[in-house]
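Trainee: Structure incoming, see below.
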Amino acid sequence: MVTVLAEPRRPIADWQEKLTDWVTEVNEVVQQVSAWAKANGWRTLTNHKVITEDFIGKYEVPRLLVHRPDGKLLLDPIARYVAGAAGRFELCAIPSYDSVLLVRADSGWRFFSTSRKKDIDLAWSNESFVTVCNKLLQHQ
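According to the numbering used here, the sequence shown holds residues 2 to 141 in order.
Take a look at the structure:
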């Protein structure tokens, strides 16, 4: 069950169902990344953030901090309703905040970077996640 912290300012049809679906999907992505990180021997820490969107309201979702021996990364959910995608996360290296986007397209989740398009435009997978983490931490 999703707790609505505030109703939307400009609600869309079935906004409560769409919010529930989105929060469920965020939880699934965070759990998947946590499992991949742990399988690689990396520690994780989950905390929560509040997001406010005009169409589906104010709500809370998890975000994930990944501790690797060579650095830290933050998987941060941004919003369900974004231009050009059906959901967006940012994966960023800490402390540089060099980041790539994780966006949901028609074909599923993809990593995307406007500055590194050749080597970061990858479909969502464990292998892609590790590759992207390695590239982000190389630039620290």
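Note that the Cβ used here is the ideal one computed from N, Cα and C, for glycine as well.
Does DSSP put ASP15 in a helix, in a strand, or in coil?
Mentor: In the structure shown, ASP15 sits in coil (DSSP, three-state: anything other than H, G, I, E or B).
Trainee: Quick check: the Cα distance between THR53 and GLU61, rounded to an integer number of angstroms?
Mentor: Cα to Cα, THR53 sits roughly 9 Å from GLU61.
Trainee: Taking the beta strand (DSSP E) that THR47 falls in, what are its first and last residues?
Mentor: Note, THR47: beta strand (DSSP E), 44-54.
Trainee: Starting from GLU61, follow the beta strand (DSSP E) in both directions and report where the run begins and ends.
Mentor: Per DSSP, GLU61 belongs to the beta strand (DSSP E) from 58-69.
Trainee: Using only alpha-carbon positions, find the residue among LEU74, ASN41 and VAL24 that is nearest to ASN50.
Mentor: The residue you asked about is not Asn; residue 50 is Lys in the sequence shown. Comparing Cα positions, the closest option is VAL24.
Trainee: Taking contact to mean at least 3 C-beta pairs separated by less than 8 Å, is the region 16-34 in contact with the region 75-92?
Mentor: As far as the Cβ criterion goes, the region 16-34 touches the region 75-92, which means the pair count is three or higher.
Trainee: Less than 7 Å between C-beta atoms, sequence neighbours within five positions excluded: which residues of the same chain meet that for ILE79?
Mentor: So the list reads ARG89, PHE90 and GLU91, once near-sequence residues are dropped.
Trainee: Taking DSSP as the reference, what is the three-state secondary structure of ASP122?
Mentor: Coil at ASP122, not helix or strand.
Trainee: Return helix, strand or coil for GLU91, following the three-state DSSP convention.
Mentor: Residue state, collapsed to three classes: strand.
Trainee: Going by DSSP, name the residue or residues bridged to ALA40.
Mentor: None; ALA40 has no bridge partner.
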